[in-house]
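Residue numbering for the sequence shown follows full-length UniProt numbering, beginning at 1 and increasing consecutively. Glycine residues also receive a C-beta, built at the ideal position from the N, C-alpha and C atoms.
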Amino acid sequence: MNLIDWFLDRFRLKSTHRGIFDRDIPEGINYFYCFGGIAFTAFLICLVSGLFLSFHYIPSEKEAYQSILRIHEEVFLGKLLRGIHKWSANVLIVSIIIHSIRVFVTKSYRPPRELNWIVGLITFVIVMLEGFTGYLLPWDQKAYWATVVGTNIVGSIPFVGQALLLIVRGDYEVSGATLSRFYSLHVLWFPGLIILLLWAHFHMIKKLGISKPL
Ligand code: HEM
1 MNLIDWFLDR
11 FRLKSTHRGI
21 FDRDIPEGIN
31 YFYCFGGIAF
41 TAFLICLVSG
51 LFLSFHYIPS
61 EKEAYQSILR
71 IHEEVFLGKL
81 LRGIHKWSAN
91 VLIVSIIIHS
101 IRVFVTKSYR
111 PPRELNWIVG
121 LITFVIVMLE
131 GFTGYLLPWD
141 QKAYWATVVG
151 TNIVGSIPFV
161 GQALLLIVRG
171 DYEVSGATLS
181 RFYSLHVLWF
191 PGLIILLLWA
201 HFHMIKKLGI
211 SKPL
């Protein structure tokens, strides 16, 4: 089988369409099989609360911190909205980790689900980056220095590190340019990518079904 055939076969693009609720649930599954669904629910809550936060947040060096204070103190239900966004992000990360461990322990990464495992791993990395870029947005001391330390890791890669660091920060140090860049990645690029990856993830689950417990 060549690479293209393998991809089409695993992605099941050629197979017949099945309705969204028309799927086989194997016998003997347990609560650990719920964590993919919990991660998805947390992602949706994050998305919706983030959409509302973006009405009030200003991604500029001078106003970001003030706009966060305003959301917290003046915006109707702003404090609750920030809390929901933060906690759903935490639930998302914890449930993705439990979900990945479940998939690993039940050996569900084996053929014919290996492409879905790869899609899952890429989603995992993007979700972590989504968390990292969001952490800078309050633009307070903790956010600033966490980003200095986090991005320094990129700078320590041999040969290409310094060039990559400049691309990641958009400047020689963490500045307003970094804030704009991280804001764009956090609200546009990464959520868009995650939606695309989850579509592929669910498409394959729909076609392949859930693996039988060992
Ligand atoms: C936001 C991230 C993710 C969401 C929303 C998600 C969602 C789901 C859902 C709803 C299922 C159905 C079965 C279940 O819930 O256990 C599933 C299955 C699966 N997921 Fe994920 N997932 C995510 C991330 C990942 C990651 C990080 C990996 C791997 C590292 C992964 C690999 C798989 C595999 C291989 C299956 C098929 C498992 C089987 O058939 O038993 N997923 N996912």
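For V91, the enclosing alpha helix (DSSP H) starts and ends at 78–105. Beta-carbon to beta-carbon, A89 and W139 are separated by about 17 Å, too far to satisfy the 8 Å threshold. Taking the CA atoms as reference points, R70 sits about 46 Å from Y109. Bounds of the alpha helix (DSSP H) holding R181 are 176–184.
A straight line joining the alpha-carbon of F40 with that of G120 spans about 12 Å.
Between the alpha carbons of I118 and V174 lies a distance of about 32 Å.
Between S49 and L81, the CB-CB gap stays under 8 Å. Closer than 7 Å to some heavy atom of the ligand HEM: that describes the Cβ of I205.
Beyond the five residues adjoining it in sequence on each side, V168 comes within less than 7 Å, by CB distance, of T151, V154 in the same chain, given in chain order.
Judged by pairs of C-beta atoms under 8 Å, the stretch 121–140 touches the stretch 175–185, as three or more such pairs exist.
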